[in-house]
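Data block below; observations after.
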Amino acid sequence: MTTLKTTPLHAAHQRAGAKLVDFAGWEMPLHYGSQMEEHKRVRESAGMFDVSHMQVVDIHGPQAQAFLRYLLANDVAKLKTEGRALYSCMLNEAGGVIDDLIIYWTGGDTYRAVVNAATAEGDIAHMQAVAKDFDVNVEPRPEFALIAIQGPQAVEKTLPLLPADLRNAGDLKPFSAVWNDKWFVARTGYTGEDGFEVMLPADEADDLWEKLKDAGVHPIGLGARDTLRLEAGMNLYGTDMDDQTNPLTANLGWTIALKDAERDFIGRAPIEQSKAEGVKERMVGLVLDGRGVLRGGTRIETEAGDGVVTSGSFAPSLGVSVAFARIPAGVEAEQLHADIRGRKLPVRVVKPVFVRNGEPQIDLPKN
Amino acid sequence: MSEAPKDLKYTKSHEWVRSEADGSVTVGITDHAQELLGDLVFVEAPEAGSTIEAGTACATVESVKAASDIYAPISGEVTAVNEDLADSPEKVNESPFEDGWLFKVEPSDAGQLDALMDADAYAAHVEAES
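Heads up: the protein sequence lines correspond to chains A and B, in order. For what it's worth, this note's numbering labels the leading residue of the first sequence as 1, then goes sequentially. For what it's worth, this note's numbering labels the leading residue of the second sequence as 1, then goes sequentially.
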């Protein structure tokens with residue numbers, strides 16, 4: 001029995017009556033009563049997530065850009081303005097996904113990455129190994145707490161609580177950040193709603209959390225985080241892709257920057273080869289209009305063989321079940337069948353984005 | 001701590017049974033079960049008029065998290081199902097022992113009730129499982 005790690009907000013979760021569970025070795029809130037209520041709050045007003053288990057890694061040194069252009073499948077040379085961020089995969093030599101992350105350019109030869117909790121240790125080891133050939137430092141920053149505030153009212157409720165010199169965060173474009181010597185505020189998130197992700201010193205986290213709560217921002221657990229990101233069409237590492245997954249089969253082709261033919265990056269050769277040969281699978285969105293819930297592992301029947309659901313759930317904002325599924329690449333049918341515990345139910349094939357800024361992105365069955 | 005009313009009988013698979021004055025029984029899932037499942041999104045009860053057999057799966061409840069079979073606590077004919085749950089499955093979460101009942105059965109052998117647990121035995125069973 002190993003002891004679970006806890007975040008600086010652990011006491012706050014206990015005070016709020018959270019159902020705490022083991023998530024990648026961290027004791028984290030699954031929900032604070034009702035996952036469904038929490039989901040709806042984020043879509044309708046504002047909610048906050050403790051994401052302190054995610055790891056901040058600073059990358060700095062004369063060759064920081066050259067290092068990251070080799071390490072990551074997306075191209076940090078696209079970052080032309082200080083504070084801008086990119087979503088990228090970090091691939092292995094075979095083109096599989098080691099992790100997905102967000103990388104910020106923080107000016108000059110400094111960058112900041114945020115990586116997943118479950119993969120953090122391996123990520124950092126990999127980064128440091130690759131860094132040996134570059135004049136660069138890879139510096140984990142475990143001292144930060146991370147709070148994501150998301151929803152249509154997230155920005156207005158958070159702004160007055162930020163340090164005075166960071167209140168220009170309200171003018172930030174998506175995927176941009178401002179910071180001072182202690183706090184870092186980014187207009188990013190994992191819900192499909194507007195909002196911020198705030199990194200701050202661990203000993204100030206509880207105070208911000210309580211002030212946000214007083215401002216009407218409800219704590220949201222990992223359960224709702226998962227249904228929100230699924231509706232928003234965002235992949236979850238370890239579920240929708242892992243180190244065996246070709247990113248082209250996980251809807252991540254848009255994050256692989258192949259334009260600069262001069263740029264070598266880890267995994268480039270196998271990705272280019274599979275692109276030339278054509279991939280055998282692709283990821284689609286599915287909607288189940290009938291009663292039932294698509295779940296990870298649900299078998300999808302197509303005329304070209306079986307596909308499989310990677311992420312699936314009831315979608316609280318839509319009242320139906322939605323999913324991501326990997327299916328044979330050539331299948332163009334608009335309707336397939338899901339094998340849900342022995343029953344064959346029709347599912348619609350759609351683009352894997354279901355809700356954005358509170359608005360359904362798919363046609364819903366009429367009641 | 002979840003509650004378990006004293007006047008009900010319980011199964012190991014977390015169904016409850018209430019004996020009604022007319023000899024029928026009402027069946028639902030316990031507070032503990034709904035807590036484990038989380039928010040319910042669909043309830044598929046057996047059809048009224050169908051026959052169910054004690055110990056076999058006869059209904060399904062699906063939550064955001066998982067699908068779970070409901071086992072018939074007693075054999076007999078299903079006489080009514082809770083129609084409200086089609087539109088409001090959350091009633092099972094909010095009121096598992098009252099508004100969130102699943103279906104009613106006319107038992108073929110009321111003696112089967114004696115094999116079920118009382119509230120104290122059920123509480124001990126839950127304790128042992130956790």
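By construction, the Cβ of each residue, glycine as well, lies at the ideal position given by its N, Cα and C atoms. Source: prediction; values computed, not measured.
List the residues of chain A whose Cβ lies closer than 8 Å to the Cβ of residue i, in chain order.
{"i": "residue 31 of chain B", "result": "Those within 8 Å of residue 31 of chain B in chain A number zero; the least Cβ separation is about 14 Å."}
{"i": "residue 44 of chain B", "result": "291"}
For residue i versus residue j, is the C-beta spacing smaller than 8 Å?
{"i": "residue 297 of chain A", "j": "residue 239 of chain A", "result": "no"}
{"i": "residue 190 of chain A", "j": "residue 116 of chain A", "result": "no"}
{"i": "residue 4 of chain A", "j": "residue 25 of chain A", "result": "yes"}
{"i": "residue 362 of chain A", "j": "residue 287 of chain A", "result": "yes"}
{"i": "residue 336 of chain A", "j": "residue 359 of chain A", "result": "no"}
{"i": "residue 155 of chain A", "j": "residue 233 of chain A", "result": "no"}
{"i": "residue 121 of chain B", "j": "residue 79 of chain B", "result": "no"}
{"i": "residue 124 of chain A", "j": "residue 57 of chain A", "result": "yes"}
{"i": "residue 36 of chain A", "j": "residue 316 of chain A", "result": "yes"}
{"i": "residue 105 of chain B", "j": "residue 127 of chain B", "result": "no"}
{"i": "residue 188 of chain A", "j": "residue 73 of chain A", "result": "no"}
{"i": "residue 57 of chain B", "j": "residue 81 of chain B", "result": "no"}
{"i": "residue 55 of chain B", "j": "residue 72 of chain B", "result": "yes"}
{"i": "residue 307 of chain A", "j": "residue 326 of chain A", "result": "yes"}
{"i": "residue 61 of chain B", "j": "residue 70 of chain B", "result": "yes"}
{"i": "residue 209 of chain A", "j": "residue 333 of chain A", "result": "no"}
{"i": "residue 42 of chain A", "j": "residue 193 of chain A", "result": "yes"}
{"i": "residue 118 of chain B", "j": "residue 9 of chain B", "result": "yes"}
{"i": "residue 264 of chain A", "j": "residue 75 of chain A", "result": "no"}
{"i": "residue 104 of chain A", "j": "residue 177 of chain A", "result": "yes"}
{"i": "residue 331 of chain A", "j": "residue 303 of chain A", "result": "yes"}
When the Cα atoms are used, what is the spatial distance from residue i to residue j?
{"i": "residue 313 of chain A", "j": "residue 257 of chain A", "result": "31 Å"}
{"i": "residue 120 of chain A", "j": "residue 97 of chain A", "result": "13 Å"}
{"i": "residue 94 of chain A", "j": "residue 74 of chain B", "result": "57 Å"}
{"i": "residue 91 of chain A", "j": "residue 107 of chain A", "result": "25 Å"}
{"i": "residue 87 of chain B", "j": "residue 41 of chain B", "result": "9 Å"}
{"i": "residue 130 of chain B", "j": "residue 5 of chain B", "result": "20 Å"}
{"i": "residue 61 of chain A", "j": "residue 166 of chain A", "result": "26 Å"}
{"i": "residue 6 of chain A", "j": "residue 27 of chain A", "result": "6 Å"}
{"i": "residue 168 of chain A", "j": "residue 328 of chain A", "result": "47 Å"}
{"i": "residue 15 of chain A", "j": "residue 223 of chain A", "result": "19 Å"}
{"i": "residue 397 of chain A", "j": "residue 201 of chain A", "result": "Given a span of 1 to 367 for chain A in the structure shown, any question on residue 397 of chain A remains unanswerable."}
{"i": "residue 231 of chain A", "j": "residue 346 of chain A", "result": "19 Å"}
{"i": "residue 123 of chain B", "j": "residue 3 of chain B", "result": "9 Å"}
{"i": "residue 277 of chain A", "j": "residue 228 of chain A", "result": "35 Å"}
{"i": "residue 207 of chain A", "j": "residue 111 of chain A", "result": "28 Å"}
Excluding the 5 residues flanking residue i on each side, which residues of the same chain have their C-beta closer than 6 Å to its C-beta?
{"i": "residue 34 of chain B", "result": "92, 93 and 96"}
{"i": "residue 63 of chain A", "result": "134, 135 and 136"}
{"i": "residue 46 of chain A", "result": "151, 153, 154, 157 and 217"}
{"i": "residue 21 of chain A", "result": "30"}
{"i": "residue 99 of chain B", "result": "91"}
{"i": "residue 144 of chain A", "result": "56 and 199"}
{"i": "residue 51 of chain A", "result": "146 and 148"}
Anything in chain B within Cβ reach of residue i, meaning under 9 Å, just list it in chain order.
{"i": "residue 34 of chain A", "result": "38, 39, 90 and 93"}
Using CA coordinates, which residue listed in the options is at the minimum distance from residue i?
{"i": "residue 284 of chain A", "options": "A:274, A:265, A:322 and A:134", "result": "A:322"}
{"i": "residue 31 of chain B", "options": "B:45, B:14, B:62 and B:25", "result": "B:14"}
{"i": "residue 219 of chain A", "options": "A:23, A:2, A:40 and A:6", "result": "A:40"}
{"i": "residue 244 of chain A", "options": "A:99, A:206, A:20 and A:208", "result": "A:99"}
{"i": "residue 85 of chain B", "options": "B:102, B:107 and B:11", "result": "B:102"}
{"i": "residue 118 of chain A", "options": "A:210, A:54 and A:112", "result": "A:54"}
{"i": "residue 271 of chain A", "options": "A:318, A:112 and A:246", "result": "A:246"}
{"i": "residue 164 of chain A", "options": "A:179, A:174, A:211 and A:150", "result": "A:179"}
{"i": "residue 225 of chain A", "options": "A:38, A:2, A:11 and A:12", "result": "A:38"}
{"i": "residue 110 of chain B", "options": "B:7, B:3 and B:17", "result": "B:17"}
{"i": "residue 138 of chain A", "options": "A:319, A:113 and A:342", "result": "A:113"}
{"i": "residue 102 of chain A", "options": "A:331, A:174, A:263 and A:34", "result": "A:174"}
{"i": "residue 290 of chain A", "options": "A:261, A:273 and A:320", "result": "A:320"}
{"i": "residue 20 of chain B", "options": "B:107, B:12, B:36 and B:37", "result": "B:107"}
{"i": "residue 356 of chain A", "options": "A:181, A:2 and A:44", "result": "A:44"}
{"i": "residue 142 of chain A", "options": "A:132, A:299, A:49 and A:203", "result": "A:203"}
{"i": "residue 268 of chain A", "options": "A:122, A:89, A:104 and A:303", "result": "A:89"}
{"i": "residue 351 of chain A", "options": "A:324, A:340, A:342 and A:182", "result": "A:324"}
Could you name the residues of the same chain whose beta carbon sits closer than 8 Å to that of residue i, not counting the 5 residues immediately before and after it, in chain order?
{"i": "residue 18 of chain A", "result": "29, 30, 31, 32, 219 and 221"}
{"i": "residue 130 of chain A", "result": "67, 70, 71 and 266"}
What does residue i reach in chain B if we use C-beta pairs closer than 7 Å?
{"i": "residue 227 of chain A", "result": "64"}
{"i": "residue 313 of chain A", "result": "64"}
How would you list, in chain order, the residues of chain A whose beta-carbon sits under 9 Å from the beta-carbon of residue i?
{"i": "residue 67 of chain B", "result": "292, 293, 295, 340 and 341"}
Can you name the residues of chain B whose CB is closer than 8 Å to the CB of residue i?
{"i": "residue 223 of chain A", "result": "38, 64 and 65"}
Tell me which residues share the same chain as residue i and place their Cβ nearer than 7 Å to its Cβ, disregarding the 5 neighbours each side in the sequence.
{"i": "residue 39 of chain B", "result": "63, 64, 90 and 93"}
{"i": "residue 249 of chain A", "result": "279, 281, 282, 283 and 326"}
{"i": "residue 275 of chain A", "result": "248"}
Give a yes or no on whether the minimum CB-CB distance between residue i and chain E is below 8 Å.
{"i": "residue 87 of chain B", "result": "In the structure shown, chain E does not exist; the protein chains are A and B."}
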